[in-house]
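Those protein sequence lines, which keep their order, are chains A and B. Under the working numbering, the first residue of the first sequence is numbered 1, with each subsequent residue one higher. Under the working numbering, the first residue of the second sequence is numbered 1001, with each subsequent residue one higher.
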Amino acid sequence: MKIIVLIKQVPEMERVKFDTERGVINRKSAGVEINPFDLNALEAALQIKEELGAEVIALSMGPTRAEGVIKEAIARGADDGVLLTDRKFSGADTRATSYLLASAIEEIGNVDLVIAGEMTVDGDTAQVGPQTAEYLGLAHVAYVTKLKKIREDYLTVVSSVWDANYLKKLKYPGLITVTKDLNTPRLPLLKRKLEVREAEVEKWGIADFKTDLDHQDVGLKGSCTRVRKIEVPSLIEREGKIWTGDELTEAITEVAQICQEKDRMGE
Amino acid sequence: MTEKEYNGILVFAEQRNGEIHHVSYELLNKAEELAAELNCPIFAALLGPTGIEAEELIYRGAHEVYYLEDEAFGQPDELFYKENLVDLIEELKPEIILLGATNFGRSLAPRVAAALDTGLTADCTDLRVDEAGKLLQIRPAFSENILAQIETVTYPQMATVRYKEFVERDRDATLEGEIIKKSPTKAQEQSIEVLELLEQQKVNIAEAEVVVAGGKGIKKAADFELLQKLATKLGGVIGASRDIIDAGYLSKEYQIGYSGYRVAPKLYIACGISGAPQHVAGIKEADKIIAINTDPSAPIFEIADYGIIGDLYQVIPKLIEEVQEDETRDN
Ligand SMILES: Cc1cc2nc3c(=O)[nH]c(=O)nc-3n(C[C@H](O)[C@H](O)[C@H](O)COP(=O)(O)OP(=O)(O)OC[C@H]3O[C@@H](n4cnc5c(N)ncnc54)[C@H](O)[C@@H]3O)c2cc1C
Ligand SMILES: Nc1ncnc2c1ncn2[C@@H]1O[C@H](COP(=O)(O)O)[C@@H](O)[C@H]1O
């Protein structure tokens, strides 16, 4: 069994500064980390590995420094990892990203299961998983909240769609995208962390693909969407009336009043 | 792909158990606005079991409704939907395709876009047409901290649109249009099977008018009864921060925030919630925010209209006492 986990390096969102006036994102004060949802994807792969025995490969597209997430994935239990990195890959939208990830998965070959996170905290799109499945011609189940049966030739999973939970059966090969509720990711092992520190991460540029990868299909050229501009919206102005502990009686009366007024609004 | 070939706006009318989801009517409203500028027809694609009142889509502004009837559309099988929707799109060649950014829509749309090899913009909060007739898609990104303006350089231009972002198209039963019934062009695939509906969500906090939400300040699961009492008195529902869901106090359908539900109530009461950005992402649309927290420096106070610095275990019982039940309200 071979499982690919799709992971992306993202800025630590808590530390990113958003400049409302200039409309810019300042990442200087922020470090980078594995997209939090992708840790759940990795954990799912590791649990399947424990059950069935599997080779777990972390796959990422990003700049050279994104090798850090491959190393971390290995420290957390992945067997191996590949970083897709090339100047030509930059500027990719979800279409170009998915196309490249799918090409790499085909290149790796004999993959039974691909696991992606629900979404990335910088992209917020939740598109790369299902798009990759389509480019691979595989079935997918999105918003997986539970792995029910883990079997040699299929999985049954709980998927949260239509405001309900559906039990679905996915035969391999297939792809799932997982939510935060699926599991609690394990921590990296110190021993493995030290091992991977010096290790070389396998990197593939466009020329390393055995099958021809068209330049028109990757990076900005392979992207079907363009960002025209960004804007950092300011927060809605709020009244901001605060009562402290010794004004409790007054606070209760007023707040109760506000509650009731609101309750009747729009009737 | 030249744009001449493409004309019209196609709205995917999501249905569940034969009922058309309201996001479809919101999309039709927006489609009407865009169609007025583009001077083009509005199509609706309804994939569902037999017996759906497809005229409703006409009354909400669709000119032509393509109703693909099959019992198998009664199951959320994205692959089956994709195959058939792609065939319909290739037949109609719309220049714009809109889907609701529900979980199902966000799972189906990327497959359709990839199959058509065109661009897709996720979870839009606004759509406009520019001078050149291109669709401008506005969407939050970076954990909802920025708004990006996106254009699609290929055709069709596809977007998923957030539920409750636009108002519904008013119903007008005098409107006329055509309903074209069809059978699926593709059969269901064997690689995926929908085995069973396990459980229907019991509450839908996204629709509630009043939400009383609890966070880590709540000491045990049973204490949510207190919040429930207040919620009931105000005709609302309870909700929670992610930590509460993680602790197993409440199920996922109560989670508010970036990775939970976005709520847009008239009144949002945050009890023992610190106000982390990922939580706040889900309550930005609330009309009034009231926060109860023991910590004066809690970030929730920065975005609240009214804040009480105090212990929720003291404040809430008093509030329950003070709030008069509205007897004129039915139910
Ligand atoms: C990718 C990602 C996605 C996330 N998605 C979400 C999401 O969708 N929703 C979400 O909520 N979070 C989400 N989070 C988590 C979020 O960052 C916070 O950890 C979480 O919101 C904190 O929950 P809390 O406010 O209940 O807990 P805390 O931050 O621990 O706050 C508890 C508060 O209760 C107060 N308090 C304690 N006792 C009392 C008392 N007796 N009376 C009054 N006040 C009291 C404390 O002063 C404190 O301010 C996400 C995080 C990540 C990384
Ligand atoms: N550059 C990337 N490299 C590897 N995986 C990615 C990349 N971008 C997105 N993914 C995967 O796709 C999921 C959804 O991402 P997104 O569509 O950006 O919200 C993520 O949780 C990852 O599993």
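Heads up, the beta-carbon is just placed ideally off N, CA and C, and yes, glycines get one too. All figures in this text were calculated on a predicted structure; none of them were measured in a lab.
Same chain only: Cβ atoms within 6 angstroms of residue i, ignoring 5 sequence neighbours per side
i       : result
A:E55   : K2 and D79
B:E1071 : P1049
B:K1266 : E1209 and D1287
A:C224  : R95
B:D1243 : K1216
B:D1087 : T1185
A:N110  : K2
Opening and closing residue of the alpha helix (DSSP H) in which residue i lies
i       : result
B:P1317 : L1312 to E1322
A:L100  : T94 to I108
B:N1103 : N1103 to L1116
B:E1069 : Premise fails: B:E1069 lies in the beta strand (DSSP E), E1064 to E1069, not in any alpha helix (DSSP H).
A:P36   : P36 to L52
B:S1024 : V1023 to L1038
B:H1279 : P1277 to V1280
B:E1055 : E1055 to Y1059
B:F1073 : No alpha helix (DSSP H) contains B:F1073, which DSSP labels as neither H nor E.
B:Q1190 : Taken as a continuous stretch (DSSP letters only), B:Q1190 belongs to no alpha helix (DSSP H), as it is neither H nor E.
B:L1227 : F1224 to K1233
Sequence-distant residues of the same chain with beta carbon closer than 7 angstroms to residue i, five excluded per side
i       : result
B:K1284 : none
B:L1027 : V1011, L1098, G1100 and V1161
A:F89   : M61, L100, V218 and G219
A:G23   : I230, E231 and V232
B:F1104 : E1014 and P1076
B:V1280 : I1303
Residue i (DSSP reduced to helix, strand or coil)
i       : result
A:K293  : Residue 293 of chain A falls outside the range modelled here, since chain A spans only 1 to 267, and no answer is possible.
B:S1183 : coil
A:L87   : The question names Leu, but residue 87 of chain A is Arg in the sequence shown. It is helical.
B:V1086 : helix
A:D165  : As written in the sequence, residue 165 of chain A is Asn, which differs from the Asp given in the question. Residue state, collapsed to three classes: strand.
A:M13   : helix
B:I1218 : coil
B:F1142 : coil
A:T253  : helix
A:E239  : coil
B:M1239 : The question names Met, but residue 1239 of chain B in the sequence shown is Gly. If DSSP states are grouped into helix, strand and coil, B:G1239 belongs with the strands.
A:V157  : strand
A:V128  : helix
Euclidean distance between Cα positions of residue i and residue j
i       : j       : result
B:S1297 : A:G245  : 14 angstroms
B:L1034 : B:P1094 : 13 angstroms
B:C1271 : B:A1213 : 6 angstroms
B:G1119 : B:E1056 : 30 angstroms
B:L1162 : A:W162  : Contrary to the premise, residue 1162 of chain B reads as Arg rather than Leu in this sequence. Roughly 15 angstroms between the two C-alpha positions.
B:A1114 : A:W243  : 54 angstroms
A:I199  : A:G31   : The question names Ile, but residue 199 of chain A in the sequence shown is Ala. About 21 angstroms.
B:R1169 : B:A1159 : 19 angstroms
A:L113  : B:K1318 : 54 angstroms
A:L187  : A:R76   : 6 angstroms
B:A1141 : A:Q127  : 13 angstroms
B:N1331 : A:I252  : Caution is warranted here: a pLDDT of 42 is assigned to B:N1331, below 50, making its placement in the model unreliable, and the coordinate value is therefore given only provisionally. Going from the Cα of B:N1331 to the Cα of A:I252 covers about 26 angstroms.
B:I1192 : A:G137  : 13 angstroms
B:I1300 : A:N183  : 28 angstroms
A:P173  : A:A139  : 8 angstroms
B:V1194 : B:L1230 : 39 angstroms
B:E1189 : A:L175  : 15 angstroms
A:G266  : B:Y1268 : Note that A:G266 has pLDDT 46, beneath the 50 cutoff, so the model's placement of it is unreliable and the number below is only indicative. C-alpha separation (whole angstroms): 16 angstroms.
A:G91   : A:K221  : 8 angstroms
A:D93   : A:P185  : 28 angstroms
Close beta carbons around residue i, own chain, < 8 angstroms, minus the five adjacent residues each side
i       : result
B:F1043 : G1008, I1009, L1010, V1011, A1062, H1063, E1064, V1065, Y1066, L1092 and P1094
A:V16   : I25, N26, R27, S29 and A30
A:G81   : I57, A58, L59, S60, I70, K71, A73, I74, V201 and E202
B:S1259 : R1242 and Q1278
Where the beta strand (DSSP E) through residue i begins and ends
i       : result
B:D1126 : D1126 to V1129
B:Q1157 : Q1157 to V1161
A:L59   : E55 to M61
Requested in this report: Residues of the stretch 1209–1240 of chain B with a CB closer than 9 angstroms to any CB of chain A: list them in chain order, please.
Outcome: E1209, V1210, L1230, K1233, L1234, G1235 and G1236
Query - Proximal residues, the stretch 1082–1111 of chain B versus chain A, C-beta separation under 7 angstroms - result: N1103, F1104, R1106, S1107, P1110 and R1111
**Report entry** Proximal residues, the stretch 1300–1315 of chain B versus chain A, C-beta separation under 9 angstroms
**Finding:** Per Cβ criterion, the list reads F1301, E1302, I1303, A1304, D1305, Y1306, G1307, I1308, I1309, G1310, D1311, Q1314 and V1315.
Requested in this report: Could you list the residues in the stretch 1010–1023 of chain B with a C-beta less than 7 angstroms from some C-beta on chain A, going in chain order?
Outcome: R1016
Requested in this report: Check each residue of the stretch 1149–1161 of chain B: if its Cβ is closer than 7 angstroms to any Cβ of chain A, include it; give the result in chain order.
Outcome: Q1149, I1150, E1151, T1152, V1153 and T1154
Requested in this report: Compile a chain-ordered list of the residues in the stretch 1–15 of chain A whose CB is closer than 9 angstroms to at least one CB of chain B.
Outcome: P11, M13 and E14
Report task. Could you please tell me which residues of the stretch 1183–1212 of chain B, in chain order, have their CB closer than 8 angstroms to any CB of chain A? Result -> E1189, Q1190, S1191, I1192, E1193, V1194, L1195, E1196, L1197, L1198, E1199, Q1200, Q1201, N1204, E1209 and V1210
Query raised in the report: Looking at chain B, which residues of the stretch 193–222 of chain A have a Cβ within less than 9 angstroms of any of its Cβ atoms?
Result: Of all residues in the stretch 193–222 of chain A, none has a C-beta nearer than 9 angstroms to a C-beta of chain B.
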